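Here the protein sequences come in this chain order: A and B.
Residue numbers for the first sequence follow the numbering used here, so the first one is 1 and each next one is one higher.
Residue numbers for the second sequence follow the numbering used here, so the first one is 158 and each next one is one higher.
One structure below.
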Amino acid sequence: MQSPLANRAPLQLPLPDVWALLAGVREQVARHLAWVDDDLRQSAVMVASELVENAVKYGGRPASLKVVVDDHTVCVEVRSQVSSESAARETVARVEAIRAAPDRHALYLERMRALLGAPPGGSMQLGLLRICGEGEFDLACHLEQNQLHLIATRELS
Amino acid sequence: MNTSVGSLHIDGDMDGASLRLKMTGAADLRDGGELRLSLLDVHREALAQHAHEVWVDLKAVEFMNSTALGAFVGWMTEIHKTPGADRYHLTLVASKERRWQRISLHALASFAPETISVLFDQA
């Protein structure tokens, strides 16, 4: 069945370098996905926010966000300039580990459980797992021409 | 107690043996340290007041990033470290309409059902 969402123009935004502007990014993504059912829209907004936060915190400039809806999927993609090659490779490896996990929701819960009792101040590494565990998006990641691409996709229900 | 961490606002008061907090706004924190300290203040206040329960109404919190969720995990850790006689029950009042609350708060509470529960209400 043809989805009414097909062939909509993607949302493309240059990413701010200012943390306080992230709420505006979430609002724009929510508006762009106003057609989508509420559950999926909320997931996509969370996914976009977590990916953009990562890019603002750890990535270099320029950085951008693209949200594409076609007949079958919602795709949220963030590109950022690699500011540290080792950190970028670590991100790629973490995404590969998540992709290889048989149950990503369980992986998210395991990470939360591990944080319970962990000393404060350490790296939480919760955002990418949340994208898969709470948001039910699939993640992919690759390095290309000194840019890190993080791509989250979820099928339209 | 009234405080703000970024665009997250926290208001609270004692109500008998319960400490009742209402949070509003959004918690999209770059660094979870300030929220961790605010929640530690809540924890200390609950202990000082010998509260049996702490209620946190999160229904009006539109968004919480993973850093802020981590601060809540830190609060749960503090409750767990508290000796049984002083330990209070934490109830998170959440909205079924907000997906992040339905899934991630429920997951948090499932780790310690004896001390933490989630009560779902309409937004």
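Glycine is no exception: its CB is placed at the ideal position from the N, C-alpha and C atoms.
Quick caveat: nothing in here was measured; it's all calculated off a predicted structure.
Only counting the same chain, and skipping five residues up and downstream in sequence, which positions put a Cβ closer than 8 Å to that of residue i?
i: S164 (chain B); result: G182, A183, A184, D185
i: T73 (chain A); result: T153, R154, E155, L156
i: D170 (chain B); result: M158, L176, R177
Straight-line CA distance for residue i to residue j?
i: V319 (chain B); j: A266 (chain B); result: As shown, chain B starts at 158 and ends at 280. That puts residue 319 (chain B) outside it, with no answer to give.
i: T153 (chain A); j: V47 (chain A); result: 10 Å
i: E144 (chain A); j: T91 (chain A); result: 14 Å
i: L65 (chain A); j: A100 (chain A); result: 25 Å
i: E27 (chain A); j: H209 (chain B); result: 39 Å
i: W232 (chain B); j: A217 (chain B); result: 20 Å
i: Q2 (chain A); j: E191 (chain B); result: Low confidence applies here, because Q2 (chain A) scores a pLDDT of 41, under 50, leaving its location unreliable and the question unanswered by this model.
i: P102 (chain A); j: S261 (chain B); result: 20 Å
i: R187 (chain B); j: W19 (chain A); result: 7 Å
i: C132 (chain A); j: V76 (chain A); result: 13 Å
i: R104 (chain A); j: E85 (chain A); result: 26 Å
i: A30 (chain A); j: P10 (chain A); result: 13 Å
i: H246 (chain B); j: R89 (chain A); result: 42 Å
i: A242 (chain B); j: V211 (chain B); result: 15 Å
i: V67 (chain A); j: Q258 (chain B); result: 24 Å
i: F277 (chain B); j: K179 (chain B); result: 15 Å
i: V45 (chain A); j: C141 (chain A); result: 19 Å
i: V36 (chain A); j: A203 (chain B); result: 42 Å
i: D172 (chain B); j: R256 (chain B); result: 29 Å
i: I151 (chain A); j: A205 (chain B); result: 47 Å
i: R103 (chain B); j: I236 (chain B); result: Residue 103 (chain B) cannot be examined here, being either before or after the span of chain B that is shown, 158 to 280.
Could you tell me which residues DSSP pairs with residue i in its beta bridges?
i: D17 (chain A); result: Answer is none; D17 (chain A) lacks a bridge partner.
i: G60 (chain A); result: A:Q81
i: H166 (chain B); result: B:S161, B:T181
i: F220 (chain B); result: B:A183
i: S252 (chain B); result: B:D278
i: H246 (chain B); result: B:E210
I believe residue i touches residue j by the beta-carbon criterion, under 8 Å. Please report the beta-carbon distance rounded to the nearest angstrom.
i: R79 (chain A); j: Q147 (chain A); result: 5 Å
i: L33 (chain A); j: V69 (chain A); result: 7 Å
i: V250 (chain B); j: M112 (chain A); result: Actually they do not touch by this definition, with Cβ atoms about 20 Å apart.
i: L116 (chain A); j: T234 (chain B); result: 6 Å
i: A264 (chain B); j: L109 (chain A); result: 6 Å
i: D17 (chain A); j: V56 (chain A); result: 7 Å
Is residue i near the ligand PLP, going by C-beta to nearest heavy atom under 7 Å?
i: H263 (chain B); result: Questions concerning the ligand PLP fall outside what the structure shown contains, since it holds no ligand whatsoever.
Find the nearest neighbour of residue i within the set the options, judged by alpha-carbon distance.
i: A63 (chain A); options: A:P102, A:L156, A:S157, A:H149; result: A:H149
i: N54 (chain A); options: A:F137, A:Q125, A:L143, A:H105; result: A:Q125
i: E219 (chain B); options: B:E254, B:A264, B:T272, B:M233; result: B:E254
i: R201 (chain B); options: B:S261, B:R187, B:L176; result: B:L176
i: Q42 (chain A); options: A:S86, A:F137, A:H142; result: A:F137
i: D38 (chain A); options: A:I151, A:G135, A:C141; result: A:G135
i: P119 (chain A); options: B:K179, B:A205, B:K238; result: B:K238
i: R193 (chain B); options: B:Q258, B:Y245, B:V162; result: B:V162
i: S49 (chain A); options: A:S123, A:A87, A:L13; result: A:L13
i: Y58 (chain A); options: A:A23, A:D71, A:A87; result: A:A87
To which residues of the same chain is residue i closer than 7 Å at the C-beta, ignoring the five residues directly before and after it?
i: G189 (chain B); result: T224, A225, G227, A228
i: G60 (chain A); result: S80, Q81, V82, S83
i: G128 (chain A); result: It is worth fixing the name first, because residue 128 (chain A) is Leu in this sequence and not Gly. Here the set comprises R94, V95, I98, L139.
i: R8 (chain A); result: V69
Looking only at its own chain, which residues have a Cβ that is under 6 Å from the Cβ of residue i, when we skip the five neighbours before and after it?
i: H166 (chain B); result: T181, G182
i: T160 (chain B); result: I167, S195
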